[in-house]
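The structure appears below as C-alpha cells.
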Amino acid sequence: MLDPHRIRTDFPILSREVNGKPLVYLDSTATTQKPTAVLEAMRKYYERSNANVHRGAYTLAQEATEAYEETRSKVARFIHAPSDSGVIFTRNTTEAINLVAQAWGRANLHAGDEIILTEMEHHSNLIPWQMVARERGAVLKFLHVMDDGTLDVGEVDTLLSDRTKLVGLVHVSNVLGTINPVKEIAKRAHAAGARILVDGAQSVPHMPVDVKDIDCDFFAFSGHKMLGPTGIGVLYGKPKILDAMPPFLGGGEMIREVQLDWSTYNDIPWKFEAGTPNIGGAIGLGAAIDYLDAVGMGEVRAHEERITAKALAALRDIEGLEVFGPEVRGGVVSFAMRGAHPHDIATILDQDGVEIRAGHHCAQPLMRRLNVVATARASFYIYNTESEIEVLVESLKKVKEVFARVS
Amino acid sequence: MLDPHRIRTDFPILSREVNGKPLVYLDSTATTQKPTAVLEAMRKYYERSNANVHRGAYTLAQEATEAYEETRSKVARFIHAPSDSGVIFTRNTTEAINLVAQAWGRANLHAGDEIILTEMEHHSNLIPWQMVARERGAVLKFLHVMDDGTLDVGEVDTLLSDRTKLVGLVHVSNVLGTINPVKEIAKRAHAAGARILVDGAQSVPHMPVDVKDIDCDFFAFSGHKMLGPTGIGVLYGKPKILDAMPPFLGGGEMIREVQLDWSTYNDIPWKFEAGTPNIGGAIGLGAAIDYLDAVGMGEVRAHEERITAKALAALRDIEGLEVFGPEVRGGVVSFAMRGAHPHDIATILDQDGVEIRAGHHCAQPLMRRLNVVATARASFYIYNTESEIEVLVESLKKVKEVFARVS
Amino acid sequence: MSLDELYGEIILDHYKNPRNAGEMEDPSIKSQGFNQSCGDDITIFVRVDENGRISGIRFSGHGCAISQSSASMMTERMRGKTLEEAEEFISRMRKMLTGGGDFSELGEYDELSALRGVTKFPMRVKCASLAWTTLETGIEEFRGEGRANRT
Amino acid sequence: MSLDELYGEIILDHYKNPRNAGEMEDPSIKSQGFNQSCGDDITIFVRVDENGRISGIRFSGHGCAISQSSASMMTERMRGKTLEEAEEFISRMRKMLTGGGDFSELGEYDELSALRGVTKFPMRVKCASLAWTTLETGIEEFRGEGRANRT
Ligand SMILES: Cc1ncc(COP(=O)(O)O)c(C=O)c1O
Ligand SMILES: Cc1ncc(COP(=O)(O)O)c(C=O)c1O
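Structural data, given as C-alpha cells:
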C-alpha cells in the first residue's frame with residue numbers, strides 16, 4: 001500500500017509553511033508538486049549533456065538527443081502506445097488539442113460536418129473546436145451531463161450521424177471527477193466512422209491508461225499534472241492518421257527539403273515538433289514517469305480512492321455543504337457551501353495553509369449546467385494524507401463560523 | 001572587461017570532458033549552456049512556490065503568478081518594450097513566428113498580397129510564411145544575399161509595393177553572423193505601409209537590443225539561446241496590433257466568457273497564452289536575464305567581437321579553409337574545408353572535445369546561395385576563451401592531416 | 001493577519017443584506033466589469049440627473065463577499081455625488097486598496113474602513129476594487145458619449 | 001577510440017575516388033535517401049537484368065566521407081547479385097553497423113571491414129547505412145510495382 005508519508009519526503013515543498021501553518025496542498029488537479037528526482041534529472045541534464053537535439057554530429061548533441069528520444073519511448077510505454085512515432089511532445093494538453101483541431105481539423109472538416117463534445121469539457125477541449133468549427137463551417141453538438149454528473153452513453157448514438165467527423169471528450173472531469181467510458185464511446189464513434197479524441201489531462205496522472213485498449217485516435221495530457229515540470233505535454237495519435245495530416249507549426253526540424261517557395265516535411269513525430277523542443281522539460285517528464293512507475297499506477301489509483309472516499313464522507317457530513325459529481329470518481333471533489341462564496345472559502349482555508357482552488361475551473365459551461373457561478377475544489381494526489389482531509393474539514397467548519405456571525 | 005574564466009565557474013558543464021578532452025563548447029548559436037543561477041532559480045521555484053498561475057485564490061498561486069508576471073516585466077525592460085502587455089511567452093522563436101503567421105497572417109493576408117523575406121532566413125522564419133501564403137494566396141519575395149553575406153538595403157525599396165503586407169527578416173544570421181540593418185528596413189517597410197517582423201534569436205542573447213528604437217511591429221527570440229532553459233521563448237508585438245489580432249491557440253486563460261457555441265477572449269498578452277504556461281521556464285529565463293544584465297550586454301558584445309576577430313584571423317590562416325560571411329558580424333563563423341565534408345570535420349573535432357555544428361543550420365536556401373550543401377560552424381558566447389580558439393585551430397589542422405593521407 | 005480583519009461584521013452585513021441590489025431600467029450609465037482571476041461579474045446602473053449628480057445607483061451580478069459588500073457600500077456612498085466627486089472618490093479608494101493611501105483618512109466610523117483588511121490579502125484587492133473600477137469605466141464612457149454627442 | 005579506425009585508407013580512397021559515381025539512364029530501380037540528421041542525400045540507380053540480377057549500379061548525391069565511401073563500396077559489392085542476395089546482404093550489413101552483428105564474418109581482407117570503425121561512432125552509423133537502406137527501399141518498391149503490374 002502506498003505510504004504518502006514516505007512519499008512526502010521526496011517533495012521539498014511539502015515541508016513549507018503557508019501563513020504560519022503547514023502547507024496542505026489540495027490543488028493537484030491544477031498542477032502537481034514535483035519530487036526531487038524530477039528536479040535532479042533536469043539539473044543533471046543541464047549540467048552534463050545540454051545541447052540542441054538532432055542534427056548534432058558531436059558527443060553532447062548525441063547525448064541530448066538520446067535522452068530526449070528515450071523519454072519519448074518512456075511515454076509510449078507508459079500509455080501503451082504501439083510505437084514511439086505516435087508520441088508528439090507539446091507544451092501541454094491545450095496545445096496538443098489545438099494541434100489536432102488545427103492540423104487535422106482544417107484538413108478534414110467541411111461545412112456542415114459535426115463534432116460531438118460534452119458539457120463537461122475543460123475550455124481546452126472546447127475553444128479549439130469553436131475556433132476551427134467557425135472557420136470551416138462545422139457544427140458542435142454536446143452530450144449532456146446528467147444530474148449525477150455522468151454522461152448517458154446511449155445519447156452518443158442519438159447524436160452521431162454520417163456528418164460526425166470527431167467525438168472529443170474528457171477522460172476524467174477536472175470538476176466532477178467523473179470517469180467517462182471512453183472505450184465504449186470510442187467504439188460507437190468508430191462504428192459511425194468518426195474519430196475520437198480523449199483529453200487525458202486528469203486520467204494519465206492518476207490511473208493506469210492504455211490508449212491501445214481505449215482505441216482512441218488522439219489522446220492528450222500534460223506533464224505538469226503528473227509530477228513533471230511545466231512546459232511539456234503530449235499528444236498521442238495513431239501514426240497512420242498523424243502521417244496523413246498536414247503540419248501544425250512550421251520551422252526547423254519538421255522539414256525535409258526546403259526551397260524558397262516550397263518545402264517537404266519530416267516523418268512523424270518530428271513533423272509536428274517545429275523548432276527547439278523543451279528538451280529539459282521532456283527529461284523532467286521522463287523522470288516523473290519513472291517515479292510514477294516505481295510507485296505503480298494501480299497503487300496511485302487505490303490511494304486516491306481511499307482519500308477521496310474519506311473526503312466525500314467527511315464533506316457530506318458538513319451541513320450546508322453540497323458536493324457535486326458521482327460516487328465513483330477521480331481524486332477531485334467540487335463543492336459549494338450555503339452562504340459562502342468559493343473565493344471566500346479559499347481565502348479562509350489559505351489562512352490555515354490549506355490550498356484549494358475556487359472558480360469556474362476552466363469549465364464555464366459545466367458551471368452553468370450545475371447552476372453555480374463557481375465551485376470550491378479540493379483535489380488529491382499521492383502525497384496527500386488522511387490527516388490532511390481532517391485539516392480541510394476543520395477549516396471548512398471555520399468558514400461556516402465566520403459566515404454565521406452575521407445573518 | 002568581461003573575464004570568461006570567471007564566468008566559466010558559473011557553468012558546471014564546462015568542466016566536463018568529452019572523449020577524454022576538456023569540453024570546448026562552440027555551438028552556442030544552437031543552444032547556450034546554463035549558469036547555476038538559472039538552474040537554482042527554477043529549482044527554488046519548484047521547491048518553494050510551485051502552483052498554477054492566475055485564477056488561484058491562495059498564497060502559493062499568488063506567489064507563482066507574481067514570479068511569472070515579474071519575468072514578463074523583466075523581459076520587457078531587457079528589450080526596451082514600452083509595456084508588459086506586448087510580451088507574450090511562447091515555446092521558442094519558432095512558435096513566436098508561427099503565432100504571427102497564423103493569428104496575424106490569416107486575418108490580414110489576402111490573395112495577391114506580398115511578404116518580403118530574405119535568402120538568409122532560418123527555416124523558422126520561412127516555413128510559417130510558406131504555409132500561410134499558400135493558404136491565403138499570398139506571394140513570397142526575397143531579398144538577395146550579396147557575395148559578402150550582407151543585404152542590399154536599397155533592394156528593399158524595389159521589392160516593396162502597395163501589396164506588401166509584411167517584411168520579415170533575421171536580425172543576426174545564424175550562419176553568416178551578418179548583422180542586418182533592421183531599423184533602416186523597418187523605416188522603409190513602414191513608409192510603404194507594411195508591418196515588420198524581426199527574428200531576434202541571435203541578437204537578443206548577444207548584444208543590446210531596443211525594440212522601440214528599431215520600431216519593429218513583431219520581434220521573436222528564444223530563452224534557450226540566452227542562458228535560459230529550453231521551452232520558453234518570447235514574441236514581442238506592438239500592443240495595438242496584438243489587440244486587433246484574433247487568438248492563436250484556444251483554451252484556458254485566454255478566454256473571458258465561454259458559452260458552448262462561442263466565447264470572448266481575454267486581454268493581451270494572456271489572449272495569446274492558452275493553457276498552463278511554462279512557468280518554471282519563464283522563471284529560468286528571468287534568472288538568465290538577471291545574469292546577462294549583471295554582465296552587461298555591451299560587455300557581452302565586446303567580448304564576442306574580440307573572440308570572433310581572433311577566430312576569423314586564425315581560420316583564414318589555414319590553407320584550404322574558406323570562411324563565409326562579412327567582417328562585421330555576431331559571434332558565429334561558418335566555414336568549409338577543401339576535401340573534408342563538414343560532418344567529418346565535426347566528428348574529428350569531437351575527438352578533441354571541440355563541439356561545433358555541421359549541416360545546413362536550418363537554412364537550406366542560404367546553403368544553395370553559398371553553393372554548398374553544408375558548412376561547419378563555430379559560435380561563441382561569454383564563456384568562450386581565446387585559448388579555446390587555439391584548440392579549435394589545432395584540431396582543424398588535424399582534419400587536414402587525416403584527409404591528406406590518401407589522395 | 002486575522003480573518004476578522006477581512007470578514008468583519010460590516011462586510012458580512014453588506015454581503016448578506018446588500019443595499020441597492022438589482023437592475024435599473026433606462027439607466028444613464030450601465031457598466032459591466034469582470035474579475036478575470038476569480039470570475040466575479042458585476043453590472044453597475046447609474047441614473048445621472050440634469051445637474052450631473054448621481055440620483056440613483058444599483059448593482060447586479062455575482063461574486064464573493066468582498067466584491068459584493070464593496071459594491072453595496074459603494075452604491076450608498078455614491079448617491080448624491082456629482083460625477084466629478086464620484087471619480088475623485090473612486091481614485092482615493094483605489095489608492096487605499098492598493099496600499100498607496102491611508103484608510104485613516106476616512107475617519108474611524110466610516111463603514112468603508114471595513115475594507116481596510118483587504119490590503120493584507122493581495123489576492124483579494126481586485127475583488128474589493130471591482131465595483132469601483134467598473135463605475136469609473138462607466139463614467140468615462142458616459143462622458144465620452146456625451147462629448148461625442150456634442151460634436 | 002582512434003580516428004584512424006574511422007577514417008582508414010580504404011574509406012578515404014573510396015571517398016576521394018568513388019567507384020560507380022554518377023547517374024544512370026532508364027534504370028530499373030531509382031531510389032533516393034536522406035539522412036535527416038546531417039543532410040546527406042543519395043540516389044541509387046540499379047539495372048536489373050532478365051534473371052533478376054543487378055547488372056548495373058551507380059550512385060549520385062552528396063554527403064560525408066563515411067556515407068560516400070560506404071555507397072561506393074556497396075555498388076562494387078552489389079553488382080552481379082540477385083535481388084534476393086542483395087537484400088540478404090543488406091540486412092547483414094545493417095546488423096553489423098548497428099552492433100548486432102560481427103564484422104569478422106566478412107573476413108579480414110574484405111574492404112567492407114573498413115566500416116567497422118563506424119560502430120564506435122554512434123552518430124555516424126546512419127551515414128554508413130544510408131546507401132544500403134536506400135537500395136533496400138528501392139528493391140522493395142521495385143518488387144511492389146512488379147506485383148502491382150502483375151495483378
Ligand atoms: C536566426 C534563428 N532564428 C530562429 C531560430 C529558431 O529558434 P528555436 O529553435 O528556438 O525556435 C534559430 C535557432 O536555431 C535561429 O538561429
Ligand atoms: C481535464 C483537463 N483538460 C485540459 C486541461 C488543460 O491542461 P493544460 O493547462 O496543461 O494545457 C486541464 C487542466 O487544467 C484539465 O484538467
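Top to bottom, those sequences are chains H, R, Z and U.
Here the first sequence stands for residues 1 to 407, where the numbers follow my numbering.
Here the second sequence stands for residues 1 to 407, where the numbers follow my numbering.
Here the third sequence stands for residues 1 to 151, where the numbers follow my numbering.
Here the fourth sequence stands for residues 1 to 151, where the numbers follow my numbering.
Where is the CB? At the ideal position from N, CA and C, for every residue including glycine.
For residue i and residue j, what's the separation of their Cα atoms in angstroms?
i               : j               : result
F11 of chain R  : S15 of chain H  : 30 Å
G237 of chain H : V211 of chain H : 9 Å
Q32 of chain U  : G61 of chain U  : 9 Å
M367 of chain R : L97 of chain U  : 30 Å
M73 of chain U  : G359 of chain R : 24 Å
F89 of chain H  : T119 of chain U : 30 Å
T36 of chain H  : L285 of chain H : 13 Å
G154 of chain H : T375 of chain H : 29 Å
D27 of chain R  : Q33 of chain R  : 9 Å
V354 of chain H : V391 of chain H : 8 Å
E9 of chain Z   : R405 of chain H : 7 Å
Taking 7 Å as the line, does the beta carbon of residue i fall inside it for any heavy atom of ligand 2?
i               : result
S124 of chain H : yes
K271 of chain R : no
V170 of chain H : yes
D27 of chain H  : no
C38 of chain Z  : no
A358 of chain H : no
A101 of chain H : no
Cα-Cα, which of the options is closest to residue i?
i               : options                           : result
K141 of chain R : H:D261, H:E304, H:T9 and H:K397   : H:D261
A67 of chain H  : H:A287, H:V399 and H:R329         : H:A287
D215 of chain R : R:T65, R:A363, R:P82 and R:D3     : R:P82
D26 of chain U  : U:I10, U:I44 and U:S2             : U:I44
A378 of chain H : R:I241, R:V234, R:L2 and R:G56    : R:G56
M42 of chain R  : R:A64, R:S28, R:H54 and R:T32     : R:A64
N19 of chain H  : H:L235, H:A376, H:D350 and H:W270 : H:D350
A363 of chain R : R:V24, R:P4, R:L2 and R:A30       : R:A30
I127 of chain R : H:G228, H:Y265 and H:G233         : H:Y265
A314 of chain H : H:I389, H:E17, H:V24 and H:R405   : H:I389
F380 of chain H : H:I307, H:I232 and H:L370         : H:I307
H171 of chain R : R:T93, R:I115 and R:L321          : R:T93
S173 of chain R : R:P205, R:T164 and R:G330         : R:G330
For residue i, which residues from the same chain have a beta carbon less than 8 Å from its beta carbon, with the 5 sequence-adjacent residues on both sides left out?
i               : result
R150 of chain Z : In this predicted model, R150 of chain Z has a pLDDT of only 43, less than 50, meaning its place in the structure is not dependable; the value taken from the coordinates is given anyway. So no residue of the chain qualifies.
D49 of chain Z  : S55
Who are the near neighbours of residue i in its chain, counting only those whose CB is closer than 7 Å to its CB and skipping five residues on each side?
i               : result
A148 of chain U : Unreliable positioning characterises A148 of chain U in this predicted model, as indicated by a pLDDT of 48, which lies under 50. A coordinate reading is not provided.
M297 of chain R : M207 and P208
G22 of chain Z  : R58 and S60
G52 of chain Z  : T82 and L83
S73 of chain R  : D84
Q102 of chain R : V132 and F248
Less than 7 Å separating the Cβ of residue i from some heavy atom of ligand 1?
i               : result
H224 of chain R : yes
A374 of chain R : no
N92 of chain R  : yes
A30 of chain R  : yes
Legend entry - 4 or more residues per run - each alpha helix (DSSP H) lying fully within the segment 104–136 of chain R: 105–108 and 127–136
Inset, instruction - Please list the segments of the alpha helix (DSSP H) lying wholly inside the segment 236–314 of chain H, counting only runs of 4 or more residues, in order along the chain. - result: 239–244 and 279–295
Legend entry - Every unbroken alpha helix (DSSP H) inside the segment 340–392 of chain R [4 residues or more]: 342–351 and 364–370
Inset, instruction - Just list the beta strand (DSSP E) runs in the segment 14–38 of chain U, keeping only unbroken ones of 3 residues or longer that don't cross its boundaries, in chain order. - result: 29–35
Legend entry - Within the segment 12–64 of chain R, ranges of the beta strand (DSSP E) (whole runs, at least 3 residues): none
Legend entry - Segments of 4+ residues assigned as alpha helix (DSSP H) that fall wholly inside the segment 166–222 of chain H: 182–191 and 211–214
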